[in-house]
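Colleague: For reference, the structure I am asking about is given below.
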Amino acid sequence: MLLSSPINSYFDWRQLSESNMLSYLREVNVQEVLDWTRTLLTLRLNGLKSETISTIESRRETLFGYDGLLLDLLKTTSTTEVPSTEPNS
């Protein structure tokens, strides 16, 4: 399973020091937040069970945490500040 495997078996951590790689990871993360937000809004309108909504909200919180970590790493690898701490929804 991906989450229980060491991350370095999938890619070289040294690449994370490059600003373009961090920017790419942040873009992917933001897109996933937007996708889950859209899904969450649709499911709420359709009266989905609260357990499913809770699971989706938990995933979004995790993604916001990743965004903060990636933003911090980007700040240390670039001279320009990234404008936001959370993805726009």
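What the sequence shown shows, in numbering that gives the first Met the number 0, is residues 0 to 88, in sequence order. Beta carbons: idealized from backbone N, C-alpha and C, even for Gly. Just so you know, these numbers come straight off a predicted model, no measurement behind them.
1. Going by Cα to Cα distance, which pick from 58, 75, 73 is closest to residue 32?
2. So, helix, strand or coil for residue 28, using DSSP?
3. For residue 25 and residue 8, I'd like the C-alpha separation in whole angstroms.
4. Mind checking residue 71: buried by the 16 CB within 10 Å criterion, or exposed?
5. Taking the Cβ atom as the reference point for each residue, do residue 55 and residue 41 lie within a distance shorter than 8 Å?
Modeller: Answer, in terms of the structure:
1. 58
2. helix
3. 20 Å
4. exposed
5. no
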